[in-house]
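A.B. asks: This structure is in C-alpha cells; I'll ask about it shortly.
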Amino acid sequence: MATIRQLVLGTAASLMLGLAPAMADVTILNVSYDPTRELYKEFNAAFAADWQAKGGEAVTIEMSHGGSGKQARSVIDGLNADVVTLALEADINAIAEATGKIPANWRTLLPNQSAPYTSTIVFLVRKGNPKGIVDWGDLVKDGVEVITPNPKTSGGARWNYLAAWAWADKEYGGDREKILAYQRELFRHVPVLDTGARGSTTTFVQRQIGDVLLAWENEAFLALKEFGEDAFEIVVPSISVKAEPPVALVDGNVDAKGTREVASAYLDFLYTDVGQQLAAKHFYRPSRPEAVAPADLERFPATELVSIDSDLFGGWVKAQPEHFGDGGIFDQIYKPGQ
Amino acid sequence: MVAAALSGPFRKPSILPGFGLTLGLTLAWLGTIVLIPLAALVLKSAGLGWEAFGTLVTDPRTISALKLSFGAALVAATINLVFGLLLAWVLVRYRFPGRRLIDAFIDLPFALPTAVAGIALTALYAPNGWIGQFLAPLGIKVAYTPLGVVVALVFVSLPFIVRTVEPVLAEIDREVEEAAASLGANRRQTVFGVVLPTLMPALLTGYALALARAVGEYGSVIFIAGNIPYVSEIAPLLIVIRLEEFNYAGATAVAAVMLAISFVMLLVINLIQAWSRRRFGDGR
Amino acid sequence: MAADVALSVPAAEEAPFGDVRSAARPAKPWRPPTDETPVVRRTLIGIALVFLGFVLFLPLVAVFVEALRGGVALYWAAITEPDALAAVQLTLLVAVIAVPVNLVFGVAAAWAIAKYEFRGKSLLTTLIDLPFSVSPVISGLVFVLLFGAQGFFGPWLQSTGVQIIFAVPGLVLATLFVTFPFVARELIPLMQEQGTGDEEAALSLGASGWQAFRLVTLPNVKWALLYGVLLCNARAMGEFGAVSVVSGHIRGLTNTMPLHVEILYNEYAFSAAFAVASLLALLSLVTLAAKSILEWRYAQDIAATRGRGH
C-alpha cells in the first residue's frame, strides 16, 4: 500500500532529522509572553556567551511564547519552566498559588520588585494623526475607532484598560459612575477585540481597521520599525500606567532539574548593564537607567505614570478579581442593551 | 436482485466472525481516547455544583455566545447542504476539464490549519481585502461581523457533505433512474423523487458532521469574528476566556453544555438515518 | 408541477413522457433521459465553480500570494530554517503514530457497526462522531485535565517522571482524539451499502474470517479506506486548536507546523508564516493528486470493485 510506504519513509525521515540538534550541556526553559520574542532572542545569545566566558557549561535556552495567561496556565499544568518572564504579576501569583513552585514572596527576591524592565501604554495612530487624537478623552469622540485586544485574554489589554481608568479617575475626580461611563463608551468604540496584543497590531496595521491602537510602548516602537515610520506615529497620552512585566525563578522546577545556578544567573543577567542595554534596545524602559547610554533613553518620553500598586488600583491581588474576574467590572461594561 | 435480499435488516445472528473482537477493540479504544477524557471533563464541571453551573450556563452572555455558535453553524451547514450536494453531483456525474483537480481541492479545509484559513479569509473579506473592498461600498461587512463567522464555518465544514455524498452517488444504479424515466417521470421528478431520497442518509450524515464540526470551530473564527461580546463572540472563545481566569470548572461547564447539545444533535440525526435506512432499504 | 418543469427546460431537449426511446437508439446525438440538458449541466457546473472559487480557491491563492510576496529566496529561507524543519519533523512524527493507530481502530469499528445489527448501534455511531463536534480547545483541555500537573493523573505522572502533556505523547493523544472518526466514518456507509453477502459467500466456501476480511472486504473498501487515511492524515497534520493547548509552544521542540505558522505570524513574519502554511496546503494537494493518479491507473480495478457492490 502506497500510504504505508509513505508512512515508513516519513518515519525514517523524522528519525534522521531527530539526530540533527546538537546536545548542549545544560538546557533551561524560559516561558514568556508574546512581545518579548525579539528581546529574548538577542538576550539569550548574550547570556550564553557570558555564561561560558565565566567558565560555565554550554547553555541552551529554550523559549516558549504566548499570551501571558495561557503561558501561566501551561506552567501550572506542568510545563517545565525554569524561569517565567510574564506580562502580569497576577499571572506569576497564579502559578505560585496553584503549584507552590514559586515562593509567595517572589517579588522581593529580585531588584525593582522583580521587574527588570518596565513599559507603558501609548497610542499608535495613522500618519499625520488625521483624527487629532492627543489624549484619552479623544478616544470616545464620534467616529473614532479604537483597537485593543480583549482584557480577558490579553495581559497587555489589561494595562490598556487600567491606563484608561487612571486617566478617567483624574479627569472625573474619582467619580466612579463617570469613570464607568467613560470605560463603557471607550469599549463601544472598539470594533474588533483580538485575543492577543499581536493580533490587534495586525488588525490595525494590515487590515487598516480603526483610528488608534492602544499598545505597549515597546510594541508601538516595534510596529514603527517593522511597518514603517512613514505610515504611523506614536502619541503619548497625558497619563498612563507603569506596566511592570515581572520575572521569577520557578524553584520547584529548577531544583528538580538541577538548573538553579544557571537559571538564577540568567535572571540576574537581566539586571546587568548588558541586559539593561538590550532591554532598552528593544524599547523596554530599563529599571537601571544609569546602565544605558542617555541617547537610548531619549526615545522614552516622560509622562505621568500610575503604578498598579497605587491606592487607585491597590495592587494586582486586588485589581485582578475586581476588574477582570468573572462578573468583574470589565464584564459589567458589556451588558446587553447598553 | 441482490439489493432486495440485503435490504431488510437481518435479525438472525450473523455467521460472520469477529463481532466480539472488533466491537471489543472499538469500545476499548473509544473508551481510552474519547470517553475517559470526556468523562474527566464532565467530572470537572460537576465539581462546580448545580447552582454555580446553572448560573454560568444561563448567563445571558453564555447564551448569546451559544446562540451564535449554533446559529452560525446551522446556517453554514445548510449552505453546505445545498452547495455540497451540488458539488458532489457535478463532480460525480459530469466530465469537464479540471474536474480531478477540483475534486482534490475539496479537502483543502481539512489540511489547512484552521488559523491559516482564518487569516486568509480575513485577508480576503476585510474592508481592504480582495473581496471586502468590493463589498464595503455596498455596505456589506463580512469580516468582524457574525457574517464572517458563517463564512469561516462554511469553509471548514464544506468537505464533510461533499465527501459523504460522493461515494453513495457514485454507487447509485443508473438503472433505477432509467426505470423512473421509462415509467414517465421527467428528469426533475427522477432527481427529486428517486435520487435524492436515496442520498438522504448520506446527506444527513454529512449535514450532522458539518454541523458538529462548525459548532466547535475556534481557530479560524477568532480571526474573522471581531469577538465583541453579545455580537460576535463564539462559545469556544468564552471557554478560552474562562481558562484565562484560571477557572477550569467554568470553562468545562460551557464545554459540557456544548458537548451535550452536539451529542443530542448527532444522536437525533443518526437515529433519523438509521430509520431512513430501514425505511428506504439500505440506502439504495 | 409537471407543466412547470417542462416549461423551464428548452422544448427541443425535452423528451415527451412515455416516449420509449431507449428501445431503439438513434444515431444522431441523443440525450438519455437520465442526463440533464446541456444548459442545466453547464449552469450547475458554473454555480459549483463560482462557489468553490469564493470559498476555497481564493483563500488558497491568498496563502500562496502572501507566501511568495517576499520572493522565492525568502520563501525558501522560511521553510528551511531549523525551527521550521523541526516543526515539519514533529508534525510527521505525530501523524506517523496517530494515523496507523486510528486506521486499525477505524477498520475494526466499521466492521462491527456495518456488518452486524445490535442494540445501541446509533449510540455507538454517535459516540464515534463525537470528536468532530468537540471544540478543538476542549479536545486539548481534556488531556490537560487528565495528565496536567493539577489533573487526575498528574501527581502520579510527576512521581514517575513521565511527561505527557507539553511533550510528544500529549501531541499524539490530542491528534488521536481529533482524527478519531475519520477512517471509521469513511468506511461505515460504504460497508453498510455492500452488505454481508460477499463475506458470507467466502465463508461458505471455506475461508476463515480473516481470509474473508482480507480477500473480500478489504478489496471492496480499499478506496474508501485510502480516502479515510488521507483525510485522517491531512487533519492530523493541520490540527491547530487541540495541539495548541497541549504543546507548551517550546520553539524547535514542541511546535508542530500549524503552531509554527502562528508563531511566525505573531512575529510579523507574515510571508514566512504563509510559506509554512503553503507547505501544508501543498501537502494536501499532492496526496490528493497521488490518490487521483492511483484511481486513474486502477480505473478498471475500481470498476470491478464497484460492480461487486451491487
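Residue numbers (our numbering), protein chains in the order written: chain A, 1 to 338; chain B, 1001 to 1284; chain C, 2001 to 2310. Every residue gets a Cβ at the ideal spot worked out from N, C-alpha and C, and that includes glycine. These figures come from a predicted structure and were not determined experimentally.
1. If you run the structure through DSSP and keep just helix, strand and coil, what is B/L1204?
2. Tell me where the beta strand (DSSP E) around A/I341 begins and ends.
3. By Cβ distance, which residues of its chain are closer than 8 Å to C/P2026, with the 5 residues on each side in sequence left out?
4. Looking only at its own chain, which residues have a Cβ that is under 8 Å from the Cβ of C/A2108, when we skip the five neighbours before and after it?
5. Quick one: Cα of B/L1261 to Cα of A/I239, how far?
6. Hey, is B/A1115's beta-carbon within less than 7 Å of any beta-carbon in chain A?
7. Going along the chain, which residues of the region 1223–1251 of chain B sit with their C-beta nearer than 8 Å to a C-beta in chain C?
8. Along chain A, which residues have their Cβ under 7 Å away from the Cβ of C/F2105?
9. Thinking just about the alpha-carbon of each residue, which of A/T202, A/V146, A/D77 is nearest to the one in A/R184?
10. Nearest to B/V1211 by alpha carbon, out of B/S1276, B/F1105, B/T1078, B/E1178?
11. Among the residues of its own chain, which have a CB less than 6 Å from the CB of B/Y1207, if the five just before and after it don't count?
12. Tell me which residue opens and which closes the alpha helix (DSSP H) that A/E290 is part of.
13. Identify, in the order they occur along the chain, each residue of the same chain with its Cβ nearer than 8 Å to the Cβ of B/V1194, setting aside the five sequence neighbours on each side.
14. What residue range does the alpha helix (DSSP H) around B/K1067 cover?
15. What does the alpha-carbon distance come out to for the pair A/P237 and A/F187?
16. Under 9 Å Cβ-Cβ, which residues of chain B neighbour C/A2108?
17. Of the choices C/T2179, C/R2251, C/G2148, C/L2279, whose alpha-carbon is the least far from that of B/I1033?
18. Determine, using beta carbons only, whether C/R2251 comes closer than 7 Å to chain A.
19. Hey, out of C/I2263, C/V2216, C/A2048, C/E2193, whose CA is closest to C/E2200's CA?
20. Can you grab the Cα-Cα spacing for the pair A/K127 / A/K225, in whole Å?
21. For a minimum of 3 consecutive residues, which ranges assigned as the beta strand (DSSP E) are wholly contained in the region 85–157 of chain A?
22. What does the Cβ neighbour count give for A/D142, buried or exposed, with the cut at 16 atoms within 10 Å?
23. Does the beta carbon of A/L214 come closer than 7 Å to any beta carbon on chain C?
24. Would you say B/R1278 lies against chain E (beta-carbon separation less than 7 Å)?
25. Can you find the residues in the same chain that come closer than 7 Å, C-beta to C-beta, to A/A263, ignoring five residues on each side of it along the sequence?
26. Can you tell which of A/Q332, A/S200, A/G328, A/S307 has its C-alpha closest to the C-alpha of A/T120?
27. What are the partner residues of A/V83, as DSSP defines its beta bridges?
28. Using the DSSP secondary-structure output, state which residues sit across from A/D194 in a beta bridge.
29. Taking contact to mean 3 or more Cβ pairs, one atom from each stretch, closer than 8 Å, check whether the region 1160–1174 of chain B and the region 1142–1149 of chain B are in contact.
30. Mark C/S2022 as exposed unless 16 or more other C-beta atoms lie within 10 angstroms of its C-beta, in which case mark it buried.
31. Quick one, are the C-beta atoms of C/T2256 and C/G2248 less than 7 Å apart?
32. With C-beta atoms as the reference, is A/V235 less than 7 Å away from A/F123?
33. Please return the same chain residues whose Cβ sits closer than 6 Å to the Cβ of C/A2242, not counting the five positions on each side in sequence.
34. CA-CA distance, B/A1309 and C/P2059?
35. If the cut-off is 8 Å on Cβ atoms, which residues from the region 90–109 of chain A count as contacting chain B, listed in chain order?
36. Check whether the Cβ of B/V1254 lies closer than 6 Å to any heavy atom of the ligand PLP, and answer yes or no.
C.D. replies: From the atom records:
1. helix
2. The requested residue 341 of chain A is not part of the displayed model; chain A covers only 1 to 338.
3. The pLDDT assigned to C/P2026 is 48, lower than 50, so where the model puts this residue is not dependable; a value taken from the coordinates is nonetheless given after this. Excluding positions up to five away in sequence, the list is empty.
4. none
5. According to the sequence displayed, residue 1261 of chain B carries Ile and not Leu. Each residue's Cα considered, the two are about 48 Å apart.
6. no
7. For chain C, the residues of the region 1223–1251 of chain B that bring a beta carbon within less than 8 Å of one of its beta carbons are A1235, P1236, I1239, V1240, L1243, Y1248, A1251, in chain order.
8. Correct list: empty, because the minimum Cβ distance to chain A is about 16 Å.
9. A/V146
10. According to the sequence displayed, residue 1211 of chain B carries Leu and not Val. Selected option, being the one with the closest Cα: B/T1078.
11. A1077, L1081
12. Note, A/E290: premise wrong, no alpha helix (DSSP H); not H, not E.
13. V1176, E1177, A1180, A1185
14. Here the alpha helix (DSSP H) through B/K1067 covers 1060–1093.
15. 18 Å
16. G1018, L1021, T1022, L1023, G1024, L1025, T1026, W1029
17. C/T2179
18. yes
19. Nearest C-alpha to C/E2200: C/V2216.
20. 14 Å
21. 121–126, 146–149
22. exposed
23. no
24. The question asks about chain E, but that chain is absent: this structure's protein chains are A, B and C.
25. Only I28, D82, V83, L249, V254 meet the Cβ criterion.
26. A/S307
27. A/N30, A/L249
28. A/P149
29. no
30. Its pLDDT being 45, under 50, C/S2022 is placed unreliably by the model, and nothing is read from it.
31. no
32. Yes, Cβ-Cβ distance for A/V235 and A/F123 is below 7 Å.
33. P2136, S2139, G2140, A2174, V2178
34. The question about residue 1309 of chain B has no answer, for chain B in this structure spans 1001 to 1284.
35. A94, A98
36. Because no ligand of any kind appears in the structure shown, any question about the ligand PLP cannot be addressed here.
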